[in-house]
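Report on the following structure.
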Amino acid sequence: MGPAPARRAVLRAAALAAAAPVIPSLAAGRAGAAPRSVVRAGARAATPSSWTAQPFALKDVALRKGVFAAKRALMLDHGRGYEVDRLLQVFRANAGLSTRGAVAPGGWEGLDGEANGNLRGHYTGHFLTMLAQAYGSTGEKAYADKIRSMVEALTQVREALRHDPNVLSVPGRFGTAAENVRGSCQYVDLPSGVLGGATDVTLSAWVKPTHDAAWTRILDCGNDASRYLYLAARTSEGVPRFAITSNGPGGEQGINGTAPLALDEWSHVAVTIRGATGTLYVNGTAVAANTAMTLHPAALGSLKNNWLGRSHFAADPVFAGVFDEVNLWSRALTAGEIAGLQEVPAAGSPAGAGDLASYAFDETSGASFADGSGRGRHATLRRTWGGPSHPGFLAAYPETQFIALESMTSGDYTVVWAPYYTAHKILRGVLDAYLHTDDPRALDLASGLCDWMHSRLSKLPASTRQRMWGIFSSGEFGGIVEAICDLYAITGKAEHLALARLFDLDKLIDACAAGDDILDGLHANQHIPIFTGLLRLYDETGERRYFTAAKNFWGMVVPTRMYGIGGTSTGEFWKAPGVIAGTLSDTTAETCCAYNLLKLSRALFLHEQDPAYMDYYERALYNQVLGSKQDEADAEKPLVTYFIGLLPGHVRDYTPKAGTTCCEGTGMESATKYQDSVYFQKADGSALYVNLYSPSTLTWREKGVTVTQATDYPREQGTTLTVRGSAAAFDLRLRVPAWASDGFAVTVNGSRVKADPAPGSYFSVSRTWRDGDTVRVAIPFRLRVEKTLDKPEIQALFYGPVHLVARDSARTYLRFGLYRNAALSGDLLPTLTPVTGRPLHYTLDGIRLAPFSEGTEDPTHAYFQRSERTVVFGTTDSGVTNPTGPGGTTLLDAIWSAAPFRNKSALVKHAETTVHSWVGAGRLSAAEGRKVVRTAREASYAR
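Here the sequence shown is numbered in this note's numbering, starting from 1341 and rising by one per residue.
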C-alpha cells in the first residue's frame, strides 16, 4: 500500500466523481506550468485554472421521467443483476486463484474469444465504471456492494501475482489434488534427472482435464523442440498421445490413444516402455502399442526441462485441469500393476510408489510438491512467464503482451492486442470505484498500476515508444493519459505525471497542433481518446500545443467526418474529409467513437464555452448514443451496438461479435451518465449553463438552490425550469441550438425576456433568482434536411434535434420529395403525416419515419435520396420538371432558400423573380415559367 493521500487530495477527489473524469491537479507548481488551482470557499474541490466552466457530480443531477431515465433503467437492471464473479474469472485465473466455478462472459472477455482473448480484462474495467456511475447517480447500495467485492477480488489477484504461485488444492482422485486453472499459465517443474537415465520406464498420472485444447501436456521432458518425450492429454484429433524423439516432430516415435479423455472426469493415463515396445494405457486398459520403438529416455541424454502441464512448443497451451498421483518408475509395470493403480494410490498398490519420482499432491498451500520416492526430487509450481516486473502489475493475462509490444514493428492483434488499452480500462474502473465509494484499496490498485507502467515505459528509448504508439491496434492505449492525469491529481506523484507524458505520440500531436489533417487512413477510436488526454496534460503542464492539437483535431472530425447521427468512422477507420455518402456502409459509426467524441467535446467545453461543442453533444447523445442501446431488458448482455450501419435497410445488431466488446463497455458507461453534461457552472460561480433540455433536477449546493427541468423534450418543443431555495444571483445561460432558426423564446414568471436569440449561441438571463421563479423556454422544431458534403442529393432528415429514419427493408436509397407541402416558414413538416398516438412518428409515401433514438431491430434508412421531380407548391403539381442549376441546386431549392416568407405574396414574388432568372439562363422555357408562377399563386400554404 502506498502512503495515504493528503487530506487536500481526498477533498479534491470529489471533483473526479463528476461524470467526466477531467479533474483538478494537486502537486505544487512546476516551471512553465499553468497557474495552480486554488480552492474557492464552499467549492467541492479545486479545479485547474485552465477551466472556465465546471461540471456537476452525477449525484447532483437527478434524472426525471423521460427517455433517458427509461434507457438508463434497463442498464441499471443489467448492472444490478449481473454476477461479477464471471468478470473476475479471467483475473483470478491469471493469478492461479480459484475462479469459484464462474464462467467468463465470453466474447472478448474470455480465452475462447476473438484473438484468443488477448483483450480480456477490459470489460471488467468498463463494468466497474458503469457500477460506479450507477452508484453515483442513484446511491443504491447494491452497486456499492458489487464495487467493493470486485475491488477486494482484484486486490487479492494483485497480491497473488506479487508472489510465487500457490497450489490450488482441490478434492482429488485420492485425497487432495492440484488444480491448474485455465488461463493461469502455471505448470509443475520437476527437477533435472527425474527420469534417471532409465531405458525401461513407466509414466503414470491421474488427470481431470477441464478444457479440450489440443496438445496440452500431462508430462513433457526435453531440452527444446527437437529432443524430448511427452505424454499429451489431447492431440489435434482429440486423443491422448505419447511420443519420444531426438530429431523434432518429424522423428517422433509415438503411440496414439483411441478416444478422448473425458472432460471434468478423472482419467488414469500411463505409458510403459520395455525394450522396443511402448504401450499406452487409459483407465487401466491398454489402448495402443508401438512395437518398433528405438528410443527410450536414456537415449535422449540429460534433459534440462521436466514439466507437468507445459510443452516445449511455445504455441501449445498449458494443461487446464487437475493433477493427482503422478508416478515415474525405472521399469515397465505389468498390465496387472497398471490395473492395480485404479483404485488405490500407488504407494498402496502392488507396484508401490514410483521409484524415480512420486507426487501425491497432498499439499494445501505453498509452491512445492513433495517427492514420495525417497530421492528428494521435490517439484515446484511455477508460471510460464515468471512473474510481474513490478508489484503494481494487475491484469487478466501475463505481462508478456506488454513485453512483446516493445519489439513489434507492425500490428498483429492475435499476438498483442492493445495491452495498454486494457490497462486503461482497468485503471479507469478502479479509479472510478475509489471516487464513488472512497475505498482506499481501489486507489492503491490505481496508483500501483501507474507505478508499474512508469517503471516499464520510463526505461524505453523515446524512439521505441513513438514506434509502439503508432502501431495499429497493438499499440492502442485508449484514454489512459486522461486517467493517469486524474490519478495524478489525487496522488501528486511526479512519476504519474511523467508517465502521462510517456504516451505522447509526437507525429500526431505536432500535425494537429499545426492544423495539418493527417487522419485519412487512421483508426478512429484508437486516436480520439488521445486528445481528451492531451487536454488534461495541458491542464497539468500548461503546454499550449496539447490544447491546440485537441481543438484542431475536433474540427477535423466535426463536421467533415461526421454522420448525421453524430458518429464517425467507416470500418473503424477515417477516410478523407468531406466524404460522407461515399463512406456509408454496414460498418459505419463505431459506437465507441461517439462515446469518445462526446468526452472530448465536453472536455473542450470546460476550457472554452463554445456552443458548437454542446450542439454536437446534443446531436450524438440524442441520436447515436440513445439509439445504440436496445429498448429491451437482458440479464446477460447490455444490448449495445458495435457498428451502426448507415446503408439503406440496415438492421442494428445489439449483440455484436459474441459480446463483451469495447462498444458494449462504453455503451454501459454512456447509459449511466446521460445527465453529465446537462448543466455546467461558470468557474467563478457567476453563471449556470443549461446545455441540454432534459427532465432533471440540479442541486447546486454552492448556491443553495435546485433547478428542476420539467419537459418531455424532444417530444416536447421546450422546457420549464423552476428555481427553488435561497435567493441567488447568477446568469442563466440557455443554449440556443444551431438548428433553432426561428421562434426561440424565454419567459420568466410569465414575462417575456426581450432579446434576439441567435442560433448556435447562449441566451442569458441575469437576475437574482428567488424561490419559485419559473423559466419557460420555447424551442420550436422545424423539419429540415442535412445534405452529405460529397453527394448533396443524399440527405438525412431532422426534426429539431431528432434524426428521423425511414423504416423499410429496401436495400437501395428511398427517394423522397419534401417541398410538396412546405410551409411559408420553410418548415417541411406539413409534407409528412403524423402517426396518431406516436410522438415523433410520421409517414411519407406510406413509409414510417421514426426517431433514430428508438432502439429497435427495424430495418432503417438513415439517409435517403432527395427527388423533387416536378415543381409542386402546397400539394399542387405544376407538371413542370424541376430543373437543376449549377452545383446541383434545383429551382425549388432556389425558391425555398429564401424562407421564411412573411406571407403568400412574399413567396409568389420571390418565385417570380427566381423563375425570371432561370428562364433567362435557359433552364426553363417561358411557358414553363408561367406555369410555375401560376401554381405558386394558386396554391394554399401551411404557415
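Every residue, glycine too, gets a C-beta built ideally from N, C-alpha and C.
Sixteen is the threshold: since fewer than 16 other Cβ atoms of the shown chains lie within 10 Å of the Cβ of Ser2066, the residue is exposed.
Excluding residues up to 5 positions away in sequence, Pro1988 lie with their Cβ nearer than 7 Å to the Cβ of Thr2152 in the same chain. Inside the region 1688-1718, DSSP marks whole beta strand (DSSP E) runs of 3 or more residues at positions 1697-1699, from first to last along the chain. Taken in chain order, the complete beta strand (DSSP E) segments of 3 or more residues contained in the region 2064-2096 are 2068-2076 and 2085-2088.
If you draw a 10 Å sphere on the C-beta of Thr2254, you find 16 or more other C-beta atoms in it, and that means buried. Residue burial is scored here from C-beta neighbours: Asp1844 has at least 16 other C-beta atoms within 10 angstroms and is therefore classed as buried. Just so you know, the alpha carbons of Asn1646 and Ala1397 end up roughly 58 Å apart. About 29 Å separates the Cβ atoms of Asp1400 and Leu1979, ruling out a contact at the 8 Å cut-off.
Residue pairing by DSSP leaves Glu1835 without any beta bridge partner. When DSSP states are grouped into helix, strand and coil, Cys1525 belongs to the coil group.
The alpha-carbon of Ser1651 is positioned some 19 Å away from that of Leu1620. Contact annotation: the region 1781-1794 does not touch the region 1500-1514, with fewer than three C-beta pairs closer than 8 Å. Following the DSSP letters along the chain, one finds Arg1581 inside the beta strand (DSSP E) bounded by residues Arg1581 to Thr1585.
In its chain, beyond the 5 residues on either side, Asp1955, Pro2099 and Gly2100 have a beta carbon closer than 7 Å to the beta carbon of Ala2078.
If you check the CB distance, Thr2210 and Thr2224 do not come in under 8 Å. Two segments are said to touch when three or more pairs of C-beta atoms, one from each, lie closer than 8 Å; by this definition the region 1482-1489 does not touch the region 1754-1768.
The shortest CA-to-CA distance from Leu2168 to any of Ala1435, Leu2158 and Val2175 is the one to Leu2158. A Cβ-Cβ distance of about 17 Å is found for the pair Glu1958 and Leu2061, leaving them out of contact under the 8 Å criterion. Of the other Cβ atoms in all chains shown, fewer than 16 fall within 10 Å of the Cβ of Trp1725; this residue is therefore exposed.
The C-beta distance from Asp1826 to Leu1745 rounds to 24 Å, too long to fall under 8 Å, and the pair is not in contact.
A Cβ-Cβ separation of about 4 Å places Ala1853 in contact with Ala1889 under the 8 Å criterion. If only uninterrupted alpha helix (DSSP H) runs of at least 4 residues are considered, those enclosed by the region 1399-1452 are 1407-1421 and 1424-1434. When DSSP states are grouped into helix, strand and coil, Gly1618 belongs to the strand group. Taking 8 Å as the cut-off, the beta carbon of Arg1404 is found no closer than this to the beta carbon of Ser2218. Annotation: Val1980 is outside any beta strand (DSSP E) and is labelled neither H nor E by DSSP.
Taking the CA atoms as reference points, Met1808 sits about 50 Å from Gln2057. Within the same chain, Cβ atoms closer than 6 Å to the Cβ of Thr1777 are found at Ala1484 and Ile1487, the five residues on either side in sequence being excluded. Under the DSSP assignment, Ala2267 falls in the alpha helix (DSSP H) whose first and last residues are Ala2266 to Glu2278.
Shortest Cα-Cα distance from Ala1973 to any of Trp1391, Thr1392 and Leu1416 involves Leu1416.
An exposed status is given to His1503, since fewer than 16 other beta-carbon atoms sit within 10 Å of its beta-carbon.
Cα atoms of Lys2131 and Asp1993: separation of roughly 27 Å, rounded to the nearest angstrom.
Per the Cβ contact rule, the region 1430-1441 is in contact with the region 1518-1537 (3 or more Cβ pairs under 8 Å).
Between the region 1410-1426 and the region 1719-1736, the count of C-beta pairs closer than 8 Å stays below three; the two stretches do not touch. If you draw a straight line from the Cα of Ala1629 to the Cα of Ile1595, it is about 6 Å long.
As the crow flies, the alpha-carbon of Lys1969 is around 7 Å from that of Thr1981. When the Cα atoms are used, Tyr1699 and Arg1723 turn out to be separated by approximately 19 Å.
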